[in-house]
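Using this note's numbering, you'd call the opening residue of the sequence shown number 66 and step up by one each time. Cβ atoms here follow ideal geometry from the backbone N, Cα and C, with glycine treated the same way. Every value quoted in this text rests on a predicted model; they were computed, and no experiment measured them. This report concerns only the one structure given below.
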Amino acid sequence: MIKNYRSRGFSGPNLEVCVPPSLVSTGEDNGIASWISAVTSGLDGLQFVYTAMAVWEDVPSVLDYRARALLAFGGAEHEVGYGRSNTNRRAEFQFLARRPADLPGPPYRFHLVVEDITSGVRWETPVVLPGRDF
């Protein structure tokens, strides 16, 4: 049972940072700043938090804020998470992306994509994970 659980992760038993934190939007254009926490790789897959926050006082509520995470490889995008906020000024989305069974590797090569559906911002970064004994 544990072996099957481990086989779906990206790396071995140690949690490691595979993408540093990143500013996605300063909010200068639409009053909503957004950023991504460090992306870590572990037994559960990739884990990260996407945060969007209203920085202008006259920005409408972010109560119905939406974002999604995708893994892009092999010419296709695979949705691995979707979130919707429930606060007035700040939206936080915790994403956990499991390794898709059809992702070739190791090494695992893909693009991590976050689409901020509400503000129309798209953030993308290439990721290469060497993989370990699964």
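Taking a contact to mean a Cβ-Cβ separation below 8 angstroms, would you say residue i touches residue j in this structure?
i	j	result
Ala156	Ala117	yes
Asn151	Leu168	no
Pro86	Trp100	yes
Val186	Val114	no
Out of the options, which has the shortest C-alpha to C-alpha gap to residue i?
i	options	result
Phe158	Pro195, Gly96, Val84 and Val145	Val145
Gly96	Ser184, Phe138 and Tyr147	Ser184
Arg164	Glu93, Ala103, Gly110 and Arg154	Gly110
Roughly how many whole angstroms lie between the Cα atoms of residue i and residue j?
i	j	result
Pro172	Val193	7 angstroms
Pro125	Ala162	30 angstroms
Ile67	Asp123	With a pLDDT of only 38 at Ile67, under the threshold of 50, the placement of this residue in the model should not be trusted; the figure read from the coordinates follows. When rounded, the distance between both Cα atoms is 51 angstroms.
Val82	Thr105	4 angstroms
Val120	Pro191	29 angstroms
Ala141	Phe175	10 angstroms
Thr91	Gly107	30 angstroms
Glu189	Ala137	9 angstroms
Tyr147	Phe160	8 angstroms
Leu80	Gly139	26 angstroms
First and last residue of the beta strand (DSSP E) that includes residue i?
i	result
Asp181	Tyr173 to Asp181
Gly148	Ala141 to Arg149
Trp201	Look at the range of the chain in this structure, 66 to 199, and you will see that residue 201 is not part of it.
Can you confirm whether the segment 123 to 137 touches the segment 175 to 182 when touching is taken to mean that 3 or more C-beta pairs between the two stretches lie within less than 8 angstroms? Contact holds: three or more Cβ-Cβ distances are below 8 angstroms.
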